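Enquirer: Residue numbers (our numbering), protein chains in the order written: chain D, 13 to 854; chain E, 13 to 854. Ideal Cβ positions, reconstructed from N, Cα and C, are used throughout, including at glycine. Because the structure is a prediction, the values reported are computed rather than measured.
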């Protein structure tokens, strides 16, 4: 199946000149200077930190690409079952430091020699750069974040590709190469202001522009059935209107301690260069240029909404563009093996990260029926065996629905296919439950009740998949009893499984918290850091709970991380310190960093700060309350929360009576690389969503992995975190999720009096902070009936932190010791076993 | 003045690792495979011709960049006077073959060794590629043309940068990096149809993306004079509205037989990434993204007009964007030397290629007055000493004018500066000619007579420059007596000079016609091809006029070139031959390839073909009439000419009575790389513009350099070509240019009867070719009063070609022998001596 282009007689020459990875500082320096002097056309006379970042990245990338080539050739030769992870968001953050951590150096003379004998690759590069006149830290700091995601969903995809590469799963990620990632957040007069994130302004050394992979994608037009096809079930021809090209950009994804390098393929829209008579025969050159230019807008901007479905045509266009290009790429690869179509599901597993890629289901059915001329039912059997769907939310406002009119205009053939899928599906439902007429309208892929008929994308994803999973135990149970209850009734419970989310310990422990990683490695006597692959080893930390020297070192790591964060805050504050550096060890760093959302209830945390103000002197000394996160630009209430935080910060930080006992800080433009500095500095973090709303949460895991304690509601993965690290080590409060639906109903229809504590905070805020508009924050208090319980738990936190520090430290150690379950490696193993049926290729 | 970034202690290491150029096939192969395997992330299993083209180009580029770096460092160290050539068009064509021809290989062990001992670099690469499994010709054929120009003006700029590099002039070209070059031309039903030329679709290995050179450019806004400045002459502050970034893309320009590599810097527009409160405080994220995206449209498209000024705001925006970025780049470089401003004109010469870059005059004045706080007159003295202006046309419709309103909205401060320049200028004029009141309104930079007041850009260019040149002797005389008569009166004649255009013999002889170059090299006993640098050597060819073997070889070269062209025509005609290959040597290849324009009179040539039809059998055997060229998309009459050619071709080529004695061929999408195949195959070419309209023409020179004879009017450089190669060797006909203005006037107001020959052709065309619309072509005959003279001369041509072939061949040899004057090296020497006052740096 390999395309042999080079004649046999030339191959020896190719092999002779084959490129080898650098494995010594001198060889790295050779490549580095080659890139400076040729690729960048610069010299030692004008090589600044940015040029050094580029040259270093390109040199390291060269090593990765060599392994990438070998990995892909291995997969081509062995032809195993492959996984394709379709996600509209990949929140990758920075690449260079991650590549250094994952860099595997082989000894060409002695391939069996461990790289450990050569020392860490990161240290080698640090030394080599130092010799050339650069500091690694400054060089790393030049890299802009690849912010191609909004929050948890996008970062989960990034952790998953890391784990898949590490575990040797033959997997590719597929996404979009947005020219503008998630907006940069500025805070002006306390309000969030968004500025476009043109992240490619200085180029991107981490991508391979694959001009040779250009896939045409069609929109609009009409459907024809020329060869006597009488129904929509027969092979049809979609005569498209607009046509654009999807060009592939590949991002090598290295694994840890392996030379396996997987691929993340992101598509960018470009104008077609082909001649389209229909388009040009009007002779309007200016217009035809403008039309071509507009093609690029499809992948221009990431939609900045998190947990909210916005029904814009351009969004649907993005989704189809991405699904079509990815699927055709997958099909082309499959077809090389000349296998029969029935083998497709044995060779290909496609995971849908949320409903955004659901169109891939329709596209595969269309290709099989219309182009490959398979029988409808044969095709549908292949489709459903191929796809699996991950649900991320039970919240109505986040569930994707598309009006039938808009959908059919953009994708006329796909709408026909939806109707046919639904027709057969409803027939089966009716056969099984012939007397339940309500069921049919409840379970139908088409929602008929709204003013315009809508396509329920989650229902389509379920019908087109063989497995559906939630992302934490509680969440997976909840979907079975609420939004997908009818599907459980029809399909049975076995179609619905749980895979609790996880995070990669390479980025979130080793990269973000090198001091802690070093202490762990030393304590576990694990110099090669095998624990980062087998996190059960961390449980050995529990043996050292009584070791005072160890606890002191543990505390020192946290203190150093706090200093790193205080430096960042100072820099962001125009070089002025907000936090008193004298008492850092005695200051509780309390954090809530995540998207701003009503359901995540940052407002509860602010109210708690408000409540503390009058009691601060007598209650406890020294706390810093840190907030960070973006709001969707059009989300009024979330933006109000940001303003509230900043207003409270303004009061608190300038109140002389408070002195520096309490500080409130909003860190603007929260992103992955800031998270890497913020999270390791936390004593306590807040995961206080209204019970039943947060599907999993992953920042909770990141904090725990860095020795931070958490305060939280009985929601998402908080439940499993508590089970893993013990309920004594987690500060849970509030309602159980079972009651949530009732609670919401009651609150809505029987408004209750607010607890007095909240009343008093609110009145303080009204009169002290926002006298000009006192009622503005009122809507935020509706979901705060666990406020008293929250306050009480916060008091407990303060007491423990300030008065029982040794206990606190032990909880911190136990958190890390028992965090192993939340490694994304474990997730990938579960997906591989229970959903994808794939095995690592070694 | 060199920025020293790298600490001294690291320099030895940098020097140790310094990259060296490859000079052996093995080293080229090493780099080639490195680029395939790392930069392209491909392998011998999927390396096709396109990948080979990219890898070969990047490898050769690496060599060029090493020399580029050395050249630029040399210039920085020596700090000579520099030339900046500002041209809105650079019609570069393909780069790889040109780079191979110009590649200089040094022997690192023995720098004094001539590269000739190693054989030609092009041959070395050919062999090295062959070993790797690729044919050089196929690899070269992958490259898309860099079509960043319309016609002669843009190709002139390309020839000039070639000659400046070859001669060691410290010169940079400045232009725009259009995403869409000149449109691709398709012929559908005989009509031109334009499709956008998205030439960067496969990337561009020949450019160095300089993300570190980003210059902000401002538009719109208003002018403020805060520090008590009372008049527009005092330092003012332009508060801009829109702001975009100009990012530099560098194209290395190699010289022939020198390691000197000059730079062509093209600017691309990008959105700013800075935070602009005024823009974003409305909180409309979607709109702010859209605004940023639109920035890129400034450099999206090349305006497809040739010799026609289109007054669109976006065009003016392009011009200012390019002038501002280029000028600030020039100023930054000058400022490094810490010289005083009065030295600026001694260090910097800026040549304006046509009036398109005239805004640079205003921008320099603005920077000096507003930012550098120089006195107005001191500044203006510097400005006028710096700039020189090349005029390219006397035709009214091609002279740039901008409405004051549009201009002032986009560039409010620059409009003030124009008024002030004009004020002082008119004062001087009035002082010198106090009694001539009409003169003031005639000579004013502002035209007051039109419905809206207009800025006359050519006048501004003259007033702001110290020299003005035409591009052929006749043309340079003509501008002094017509459009610029008043300026000659005021400034005196010495400000107006002539530099007759030229072409680079490296591309237009050696690259386009390697067989002829080889024959010349052999005949002149000049194995190292020094004649390509000193074209006077060609006169020695005249010694061989009686050498029959030589003449036979000469003829054979032409025949082989005809076969190459016939192959191209066959390929373009869907694999079917139009031209009978049996009689190629006896077939006159008569060509007219250039932009389609009424004044260039392709219609005359078509009418001549029409006239031949009825007489073909008795008159002469075997001629192929070849046309090629694009029309501006909105130019009705030119598009009609194309349709006419194709209609005549349709009739002629399918008329059995004509058999294959006459064929008419329109080659679609004429461009530089097609010209390289077409021109060397010509026996005769047509340069028959209405006398006094074509400023110079350069295709006439290209044909002569390839041994083609020319038929032409007494126009442009035809006059000097005739002088150089002898009037016996050129077929001139028609009116002298002195009469042209009268003639045009007479024709317009006293229509005369058409000559009977033309009447008969027209009636034939009306009834045979276009019966549905017989009067459509009528407007084209107005300027054809020399038709009879043209027909007679064509008869002479046929007779000589078919009956006196030895004489014909001698004329062909004499053409090449005496073409030396038209090398662009001679132009650059003249510019250097008489206008720029610069010397080569060796």
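Hey, how far is the Cα of residue 447 of chain E from the Cα of residue 478 of chain E?
Expert: For residue 447 of chain E and residue 478 of chain E, the distance between alpha carbons rounds to 26 Å.
Enquirer: What do you get for residue 449 of chain E, buried or exposed, if any count of 16 or more other CB atoms within 10 angstroms of its CB means buried?
Expert: When all chains shown are included, residue 449 of chain E counts as exposed.
Enquirer: What does residue 81 of chain D touch in chain C if you count any residue whose Cβ is under 7 Å from its own?
Expert: Absent here is chain C; the protein component of the structure consists of chains D and E.
Enquirer: In the segment 137-204 of chain E, which residue ranges form an unbroken beta strand (DSSP E) of at least 3 residues, counting only runs that do not cross its ends?
Expert: Runs of the beta strand (DSSP E) inside the segment 137-204 of chain E: 158-160, 183-188 and 193-200.
Enquirer: Would you verify that the beta carbon of residue 114 of chain E is, or is not, closer than 8 Å to some beta carbon of chain D?
Expert: By this cut-off, residue 114 of chain E is not an interface position.
Enquirer: Just to confirm my understanding: we take residue 365 of chain D, look at its own chain, exclude 5 residues before and 5 after, and list those with CB closer than 7 Å. What are they?
Expert: Contacts found: 97, 98, 99, 165, 169 and 402.
Enquirer: With DSSP as the reference, please indicate the residues paired to residue 274 of chain E in a beta bridge.
Expert: E:265.
Enquirer: Measuring only between beta-carbons, confirm whether residue 330 of chain D sits less than 8 Å from chain E.
Expert: Output row for residue 330 of chain D: interface = no.
Enquirer: Along the chain, where does the alpha helix (DSSP H) containing residue 82 of chain D start, and where does it finish?
Expert: Element bounds for residue 82 of chain D: 61-90.
Enquirer: Please report the Cβ distance between residue 576 of chain E and residue 600 of chain E, rounded to the nearest whole angstrom; I am assuming they are in contact, meaning their Cβ atoms lie under 8 Å.
Expert: Between residue 600 of chain E and residue 576 of chain E the Cβ distance is about 17 Å, and since that is not below 8 Å, they are no contact.
Enquirer: Output needed for residue 502 of chain E: all residues of its chain with C-beta closer than 6 Å, excluding positions within five of it in sequence on either side, in chain order.
Expert: Closer than 6 Å at the Cβ level, and outside the excluded window around residue 502 of chain E, lie 441.
Enquirer: Please state whether DSSP places residue 349 of chain E in a helix, a strand or coil.
Expert: Coil, per DSSP.
Enquirer: Report yes if the CB atom of residue 311 of chain E is closer than 8 Å to the CB atom of residue 360 of chain E, and no otherwise.
Expert: Contact flag unset, no.
Enquirer: Anything in chain E within Cβ reach of residue 30 of chain D, meaning under 8 Å, just list it in chain order.
Expert: Those are 45 and 49, listed as they occur along chain E.
Enquirer: Mapping DSSP to helix, strand and coil, what is residue 417 of chain E?
Expert: Helix at residue 417 of chain E.
Enquirer: Using C-beta distances below 7 Å, list every residue in its chain close to residue 396 of chain E, excluding the 5 sequence neighbours before and after it, in chain order.
Expert: Answer for residue 396 of chain E: 476, 477 and 478, listed in chain order.
Enquirer: Residue range of the beta strand (DSSP E) that residue 222 of chain E falls in?
Expert: Residue 222 of chain E -> beta strand (DSSP E) spans 220-230.
Enquirer: Are the CB atoms of residue 104 of chain D and residue 24 of chain D nearer to each other than 8 Å?
Expert: It is not a contact, given that the beta carbons lie outside the stated cut-off.
Enquirer: Determine the closest residue to residue 618 of chain E out of E:582, E:648, E:655 and E:197, with distance taken between C-alpha atoms.
Expert: Of E:582, E:648, E:655 and E:197, the residue nearest in Cα terms is E:655.
Enquirer: Do you know how far the Cα of residue 519 of chain D is from the Cα of residue 80 of chain D?
Expert: Computed Cα separation, rounded: 20 Å.
Enquirer: Where does residue 162 of chain D land, buried or exposed, given buried means 16+ other C-beta within 10 angstroms?
Expert: Its Cβ being crowded by 16 or more others within 10 Å, residue 162 of chain D is buried.
Enquirer: Would you kindly work out how many angstroms separate the C-alpha atoms of residue 574 of chain E and residue 68 of chain E, rounded to a whole number?
Expert: Approximately 29 Å between the Cα atoms of the pair.
Enquirer: Determine the DSSP secondary structure at residue 842 of chain E, reduced to helix, strand or coil.
Expert: Residue state, collapsed to three classes: helix.
Enquirer: Taking only three categories from DSSP, how would you classify residue 492 of chain D?
Expert: It is helical.
Enquirer: With a CB to CB cut of under 7 Å and the five nearest residues on each side skipped, what residues in its chain are close to residue 49 of chain D?
Expert: Contacts found: 55.
Enquirer: Check the Cβ-Cβ distances between residue 280 of chain D and every residue of chain E, and say whether any is below 8 Å.
Expert: Not an interface residue.
Enquirer: What are the boundary residues of the beta strand (DSSP E) that residue 2 of chain E is part of?
Expert: Because residue 2 of chain E is not part of the residues shown, which for chain E are 13 to 854, the question remains open.
Enquirer: Candidates D:821, D:327 and D:451: which alpha carbon is nearest residue 721 of chain D's?
Expert: Checking every option, the nearest Cα to that of residue 721 of chain D belongs to D:821.
Enquirer: Mind reading off the beta-carbon distance from residue 183 of chain E to residue 272 of chain E? Whole number of angstroms is fine, and I expect it under 8 Å.
Expert: Rounded, the Cβ-Cβ distance is 10 Å, inconsistent with contact.
Enquirer: Do the segment 720-736 of chain E and the segment 691-708 of chain E make contact, defined as three or more Cβ pairs closer than 8 Å?
Expert: Contact holds: three or more Cβ-Cβ distances are below 8 Å.
Enquirer: Check whether the segment 237-245 of chain D and the segment 208-216 of chain D are in contact - that is, three or more C-beta pairs closer than 8 Å.
Expert: With the cut-off at 8 Å, the segment 237-245 of chain D and the segment 208-216 of chain D do not touch.
Enquirer: Going by C-alpha distance, which of E:510, E:246, E:843 and E:115 is nearest residue 384 of chain E?
Expert: Among E:510, E:246, E:843 and E:115, the Cα nearest to that of residue 384 of chain E belongs to E:246.
Enquirer: Residue range of the alpha helix (DSSP H) that residue 302 of chain E falls in?
Expert: From DSSP, the alpha helix (DSSP H) with residue 302 of chain E extends over 297-307.
Enquirer: Which residues share a DSSP beta bridge with residue 207 of chain D?
Expert: In DSSP, residue 207 of chain D forms a bridge with D:196.
Enquirer: Quick check on DSSP: helix, strand or coil for residue 574 of chain D?
Expert: Helix, per DSSP.
Enquirer: At a Cβ cut of 7 Å, what residues of the segment 644-656 of chain D count as close to chain E, listed as they run along the chain?
Expert: From the segment 644-656 of chain D, only 645 have a Cβ closer than 7 Å to chain E.
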